[in-house]
Amino acid sequence: MCKFKLVFLFLLTVPCVFGQDDQEHNPNDEVELTATHNGHPGPSIQDSQDDAKRNEQPPFKPRNQHDVDESNAKYTDYTNWDSLTSRYAPPQESQRGGIPYYVTEQRLREIRKEFMYWYFDLGGDGDNIGDWQKTIQSSSPQVHKNLNFQLPFFGFRFNYTRVSINGYLEFSDPPENYPAYPLVFPVKDWPKMNDPSFMGIFFSKCRIGSLRTEDLDRRKPGVYFRLERDLQTRIDQLGVEMRERVKWDIREGMIGAETFNPKHAIIVTWKNISFAGGIPQALYTTNTFQLVLATDEVFTYAIFNYLDLQWTSHTEALGDTLKGEGGTPAFIGFNAGNGTRSYEYMPYSQASVIRDLSGRGWGNGFKGRHIFRIDENIIVGSCNKDIDGANLPLVFAPESGNMLGGTMVNITGPCFDPNDKIICKFDVEDEIFGTVVDSNRAVCIQPRLFVEGYVRLEIAIGPGKYKWKGKYFVETPATAAEKIFFEDYSVHEKYPPEIKISWVKYNLTTNENANIRISLWGYRETTIRPEFLYIDELATGIMNTGRHVITPGEFRLRDNRNVSDIKFGFIQINLTEPIPIEGTSTRITPLIWSRPIPLGWYFAPQWEREFGQNWPDTLCDNWIRNDRYLRNFANELPQCPCTLEHALSDKGRYMPDPDCDKDANPKCEYHRGAVHCVRTASPTLEGSEQQCCYDKNLYLMLSYDQQWGSSPHRSHNLGYLPWNEANKVPTLSHWFHDMVPKYLCCRWQHEQAVGCETVRFERRPTQDCVAYQPPAVGGVFGDPHLITFDDVTYTFNGKGEFVLVRSNTIQNRLDIQARFEQMNMNAYGEVKATQMTSVVARGNLSTIVEVRMRPQEAQWRYRLDVFADGRRIYFDRPSIKFQHFPGVTVYTPTYILNQSEVLVMFDSGAGIEVVENKGYMTTRVYLPWTYINKTRGLLGNWSFNPNDDLIDPDDLQVSVPTTLDENERLYNEFGMKWMLEDKDDPKKGQALFFREYARTSSYYNNKTFKPEFRMIAEEIIPGNISTERDNAYKFCFDDPQCIYDYAVTLNRDLAHFTLNYKSSILNLKEINKKRVISCGVLETPRFGRKSNFMFVPGTKVTFECNQDFILVGDQRRECMPEGYWDVPTYGYTECLRQQEYSSRTAGLTSGIIIAVIIPIVLGLVYVAFMFLKGKQKQRNEDEREQFAFEEQKRKAQESARMKLTTAEMDDDDESSGLTQKNQFSTLSTHDSQDYNTNSTHKSPHKETDVY
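For the sequence shown, the UniProt record's numbering assigns the number 1 to the initial residue and increments by one for each residue that follows.
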């Protein structure tokens, strides 16, 4: 809580002239403005002696009787003027110059005890009527007021207002008559009937009543208006008191307003107001209420003070004529106007319990005070005990917090009792107990949540049910708002001498004497359940100065063996002693977290003692071994684009990497030399993500070339369902698996260490871009013109809701729909053309996302509204720039502050980009190749064949336009057939738009609307304004779409953005048609370097080696036009140490010698072998011949014996035995000679046989 300094106080005497009226008011009377209520005690500081002296000054007394003569304008002495007791309004002159006024605690406490804010019925700069509005009467019920500043209200912004007697401030004209009671806003018949913008504190038909005799406040009945501007620089008494009072009433009465500092304030008071239509006696039945507005021109807050409510309804709403009871009570709430949004304060508005307004609210401890924030949405700051249900809206602030926990969440919803037991439940985590602060506020401390994105936040009172519910956004530790800062890179080193940290001390407490505690926490995954553990206390009992120096040497002797396997963690800072919540005895301990950091600076001495001096190598080997056991994930990832140009044009698959973003974070700590990195928006089915980084040449950086190259990640930063398991925890699993090895293997060793190369080449290698396929692009622009995926351009001015893209396959379901509404009228009347005002999409079973153009008057802060599952979401803080929902990621570029560009990325790789400029919107759709031949709708059938682009829902092909005069044919035969209806059509799907106030498709669809079909300016623009024809060609050159848009609307801005948006779509198409030929990976030799890291045809790479290394192999390589590196002439390029080179050279020489000797030896062996083989062959032949001879000899002997036997048998028949003997001898001698002749021919050395 803010502290007010003790200073002295003087009042400046300002003589002013006042006129007097005819009322019976005595200027000497010091009256109490309102009944005093026991309110909030206010801020607590001590009074100074000077302040005490001021309080001792005598009460107000005019200088003489003539100073306050009511019949004449006289001077009044303001030296001792007191805003709490005087009926005189200070003149405007008192707001400038003079001695500065300082409010004390005691004075501020007195002021804040009053229920009603100031309103004066005397003095001022006019007719001595103060703030009273004499022009407001029953016959003239309102008065116009110029504010001269911007008042944000319900998305719009106004610099004026109209004060009405009927209990509201108005910003646009109401209808002449409301159709019926109860009133319904927005007006359903808008724009045919006016839909007013107003703040209704008691919206009813009223008239000025009369004072009752029992009224203590005798100021005249009526409407009072007071405007206090430039409060932040005011030094006068009322200006300072107004600023401090409204500031602290808002800060303490509305959660989330802790830093609000009002710049302007408006006080409107309706005093003794009666109802219209009553009898004369009804003038004494009156209500008194007050509206206080405070704004800094960005945030606006409203305070409704209900002092007294005696009646509820006027006679036209069927209230009775005496008491104003019965019928339909007054409307309480806000209406944005122009058919947009409204908020009715339930259950009080137009209900019999409206009387309870004066007894409910409890804003700042007052019954009857209700506080709202009203700049963009209506957020209630007061509790509600008169409503019941199963899904009551819970208001809380902040609306997001770090996943690690510790965020103090302030809650408003049910009315709390000090003895209530508050139970809070975040998502599916265990219940935690909250603390009651006051009737309107309880506090819950967010626990650690292993989730990301929007989760349920529910509360219950006591053992009751969880009735009050809201959506709480959980920020990942890597993207959460940074609260602890490191002044240099020493935290990334192994042995830094010191680490300097800083933080915003007021994030913990405003007490500069408070002590803090700094502790260290870490994360590990050793089982299926991850562990987030306390490690050590780094400092305690030190002053909260916002700076501290950590000396790692102090922890050198620590022995945390139970947690020494933790490699990264976080620094936490919290208060040593809990602090009380303002005005209560409840004490809390705020805490803040750092971003993830490596813990080498803390654990290095312990690791050194355990693993030796080469501990990074040992830990790296352990990580590599563990990672090899895990499943392969890279096969599921999309390919990286080769160039940054392609990466930036693939908006369905790739989004900026927060760690290296050319627009938001160009330091690129983990990818030095990169100008930009992109990563996939959603995790794959394995929970992984792709990362692609680009160097100054705008080409992909490869891990094969350097340690800073791109690398795929096993775990996506967003984690993966279920988030509470190992490998799936947002940020923490990503660091455990993908960031830790960068330190263990590379940064704490060197780039060419074996472990680093293993990570770069094996475990996390860059996937080259050889197989990358750019997406197809189609778009809508102007009023409206369409360019299909196959480059067909045509104009379609349908009015209603239509199908842009529909894919209804099992694996790739996609629905993209657009709403086209008629253009505003121009100076010459109705414009027969439409423009796109909303786009909605859903992929497979993803969350439905709608992007809608806001009304032009409501674009001062946000240009586009984004709905996710029917709920408005915003991107106005860095930690919520990227929001992930089931199946889809939605983000706005970091350089966009007004929400004028929104990107929607589905898990399938399809994407939508919506851009708005000056009230004109374009949509570009990106589709990966998995959608080829699977799309229908206004953006055509993507088949690379433009002739079959236009296919209607019945699969009938419509011929594509060949000239500009075919718009009417396309309108009837193709475009209108894709109009959505209020039913589910299996061919077109069901309308996905978020429906507000029962506005279905039939509300927007108009089948009878006939747009302007002609495209020629001379045919569209009448001859009496022929100069506009010249302007059409002057502004548009020869572009037919631009000429048409200008001719139809005569709006130069529209024509300009039509040209711009069209060229953007065509440029994207040209970029994605460029084919980048890549030769793929050419590894840098270990202990060497490459002359460049290019990989496109024509690239010539020269290799060099580090000092004391010798290059072997090819010194130069070239990327060939066909997309491959030339074949090395001298072999694979390597860099060798001298010893290794000498050894390899000696080995090579030995090899040469061996290569020469071995052929000779082999030759001799061969000759010897052949000789021996010949000898063996001869021996075998001789043996065969010997066997043949023996066989022949045996046969001859057998034959001789047979013949001899025959001769002996014939001896008995022969006459002379001697003769036979001589014949036999002759025959034997002849046969023997023949045999010897043969034997001598075949074997000359054969020995002669002897018988």
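We put the beta carbon where it would ideally sit given N, CA and C, even for glycine.
Residue from the options with nearest C-alpha to residue i
i            : options              : result
residue 672  : 891, 1101, 703       : 703
residue 978  : 799, 1149, 1014      : 799
residue 472  : 82, 452, 1154        : 452
residue 1058 : 1036, 1094, 756      : 1036
residue 937  : 989, 730, 1189, 878  : 989
residue 317  : 294, 350, 297        : 350
residue 933  : 919, 464, 949, 920   : 949
residue 823  : 814, 834, 817, 816   : 834
residue 1067 : 649, 1013, 876       : 649
residue 322  : 176, 276, 947        : 276
residue 326  : 1051, 310, 341, 337  : 310
residue 1130 : 829, 477, 1115, 509  : 1115
residue 268  : 971, 118, 855, 726   : 118
residue 709  : 1098, 193, 693, 1169 : 693
residue 927  : 197, 364, 940, 417   : 940
residue 122  : 131, 116, 1189, 115  : 131
Cβ distance (whole Å) where residue i is taken to contact residue j below 8 Å
i           : j            : result
residue 374 : residue 300  : 5 Å
residue 381 : residue 440  : 7 Å
residue 776 : residue 942  : 5 Å
residue 993 : residue 1091 : The pair is not a contact, with the Cβ atoms about 57 Å apart (cut-off 8 Å).
residue 365 : residue 420  : The Cβ separation is near 17 Å, so there is no contact.
heavy atom of the ligand GDP below 7 Å from residue i C-beta
i           : result
residue 566 : Here there are no bound small molecules, and the ligand GDP is not part of this structure.
8 Å Cβ cutoff met for residue i and residue j
i            : j           : result
residue 260  : residue 271 : no
residue 1252 : residue 909 : For residue 1252 there is no data in the structure shown, the boundaries of the chain being 1 and 1251.
residue 544  : residue 562 : no
residue 476  : residue 403 : yes
residue 914  : residue 921 : yes
residue 302  : residue 203 : no
residue 1041 : residue 785 : yes
8 Å Cβ shell around residue i - same chain, five flanking residues per side excluded
i            : result
residue 133  : 143, 163, 222, 223, 224, 225
residue 424  : 409, 411, 431, 432, 433, 434, 444, 457, 458, 459
residue 1106 : 1087, 1088, 1089, 1135
residue 1048 : 783, 823, 831, 832, 833, 1012, 1020
DSSP state of residue i mapped onto helix, strand, coil
i            : result
residue 346  : coil
residue 231  : helix
residue 779  : strand
residue 1025 : helix
residue 744  : helix
residue 756  : helix
residue 877  : coil
residue 70   : At residue 70 the pLDDT is 39, less than 50, meaning the model places this residue with poor confidence and gives no usable figure here.
residue 236  : coil
residue 1169 : helix
residue 1053 : helix
residue 728  : coil
residue 649  : helix
residue 1224 : Since pLDDT at residue 1224 reaches only 36, below the 50 mark, its modelled position is unreliable, and the value read off the structure follows with that caveat. Looking at residue 1224 - three-state DSSP - the assignment turns out to be helix.
residue 860  : coil
residue 951  : strand
Residues of its chain near residue i, where Cβ-Cβ distance is below 7 Å and the 5 sequence neighbours each way are ignored
i            : result
residue 1085 : 1103, 1133, 1134, 1135
residue 446  : 401, 405, 406, 407, 409, 426
Residue i at chain C interface by Cβ criterion, 8 Å
i           : result
residue 773 : The structure shown contains no chain C, having only a single protein chain.
Cβ shell of residue i (< 6 Å), same chain only, five flanking positions each side left out
i            : result
residue 499  : 490, 491, 550
residue 1110 : 1136, 1141
residue 339  : 186, 190, 195
residue 991  : 801, 980, 1001
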